[in-house]
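Participant: Under the working numbering, think of the first position of the sequence shown as 13, with each following residue one higher.
Note that the Cβ used here is the ideal one computed from N, Cα and C, for glycine as well.
First the structure, which I've put down as structure tokens, then a few questions once you've had a look.
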Amino acid sequence: MPKQSKPKPPQQSHGGGGGGAGRSCGLCLFISFLFLGVTALTLWLIYRPHKPRFTVVSAAIYQLNATSQPFISTSMQFTIVTRNPNRRVSILYDKLQAYVLYKNQQITPPLDLPPLFHETKTTVAFSPVLGSATVPASAEVVNGLMMDETYGVVALRVVVLGS
Numbered sequence: 013m014p015k016q017s018k019p020k021p022p023q024q025s026h027g028g029g030g031g032g033a034g035r036s037c038g039l040c041l042f043i044s045f046l047f048l049g050v051t052a053l054t055l056w057l058i059y060r061p062h063k064p065r066f067t068v069v070s071a072a073i074y075q076l077n078a079t080s081q082p083f084i085s086t087s088m089q090f091t092i093v094t095r096n097p098n099r100r101v102s103i104l105y106d107k108l109q110a111y112v113l114y115k116n117q118q119i120t121p122p123l124d125l126p127p128l129f130h131e132t133k134t135t136v137a138f139s140p141v142l143g144s145a146t147v148p149a150s151a152e153v154v155n156g157l158m159m160d161e162t163y164g165v166v167a168l169r170v171v172v173l174g175s
């Protein structure tokens, strides 16, 4: 007896032709993101910005007095040299502030510095005088400052904030 073959069931259609528009829209988005990524990478490679370097090259303590606790009076000057290592990027600091820390506690009020425009591949030096007649400080800081001053070595940190 000959084998009988069963007829194949008809294949279902899924709307035929509607998926092409979605695929081309997705392809356009992919190409756009790829183009933006390549552009961003190219710009970064061309400009390759580096952070400026700040260095304290000299320090002078004119006054460091803690006779009326919990206040101290300070007057000190630091010469700070900053270098812009970038070849194609200039830096503009609209606002600069400087203050001094001792054991992570501020011992001078913030001093507003003039705006600074840092050209490419340049070095700029500035020497702010920081201090105040009275600054509140903890007993630990006052005692530590007086002890360090007696030993002849005072570890200070100059903080320069810019925007």
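Which term fits A72, buried or exposed, when burial requires 16 or more other beta carbons within 10 angstroms of its beta carbon?
Facilitator: Here residue 72 refers to the residue found at position 60 when the sequence shown is read from its first residue. Exposed, since its Cβ has fewer than 16 Cβ neighbours within 10 Å.
Participant: Which term fits A110, buried or exposed, when burial requires 16 or more other beta carbons within 10 angstroms of its beta carbon?
Facilitator: Position 98 of the sequence shown holds residue 110. The residue in question, A110, is buried, as its Cβ has 16 or more Cβ neighbours within 10 Å.
Participant: Counting along the chain, where does the beta strand (DSSP E) carrying V170 start and finish?
Facilitator: Here residue 170 corresponds to residue number 158 of the sequence shown, with the count starting at 1. Here the beta strand (DSSP E) through V170 covers R169 to G174.
Participant: How is D160 classed by DSSP in three states: helix, strand or coil?
Facilitator: In the sequence shown, counting from the first residue as 1, residue 160 sits at position 148. If DSSP states are grouped into helix, strand and coil, D160 belongs with the helices.
Participant: By the three-class DSSP mapping on this structure, what secondary structure does V65 have?
Facilitator: Translated into positions along the sequence shown, residue 65 becomes position 53. Val is not the amino acid found at residue 65; the sequence shown has Arg there. If DSSP states are grouped into helix, strand and coil, R65 belongs with the strands.
Participant: Could you give the DSSP three-state label for L166: helix, strand or coil?
Facilitator: Residue numbering aside, residue 166 sits at position 154 when the sequence shown is read from its first letter. Position check: residue 166 holds Val in this sequence, whereas Leu was assumed. Residue state, collapsed to three classes: coil.
Participant: Between the C-alpha atoms of Y163 and G49, what's the straight-line distance to the nearest angstrom?
Facilitator: The residue labelled residue 163 in the question sits at position 151 within the sequence shown. The residue labelled residue 49 in the question sits at position 37 within the sequence shown. The straight-line gap from Cα to Cα measures roughly 58 angstroms.
Participant: Compute the Euclidean distance between the alpha carbons of V171 and L104, then round it to the nearest angstrom.
Facilitator: The count along the sequence shown starts at 1 and reaches residue 171 at position 159. The count along the sequence shown starts at 1 and reaches residue 104 at position 92. Cα to Cα, V171 sits roughly 18 angstroms from L104.
Participant: Distance check for A78 and V112, CA to CA, integer angstroms please.
Facilitator: Along the sequence shown, read from residue 1 onward, the residue named residue 112 stands at position 100. Along the sequence shown, read from residue 1 onward, the residue named residue 78 stands at position 66. About 16 angstroms.
Participant: Compare the beta carbon distance of T86 and S70 with 8 angstroms and say whether it is the shorter of the two.
Facilitator: Start at 1 with the first residue of the sequence shown, and residue 86 comes out as number 74. Start at 1 with the first residue of the sequence shown, and residue 70 comes out as number 58. Not in contact: T86 and S70 (Cβ atoms no closer than 8 angstroms).
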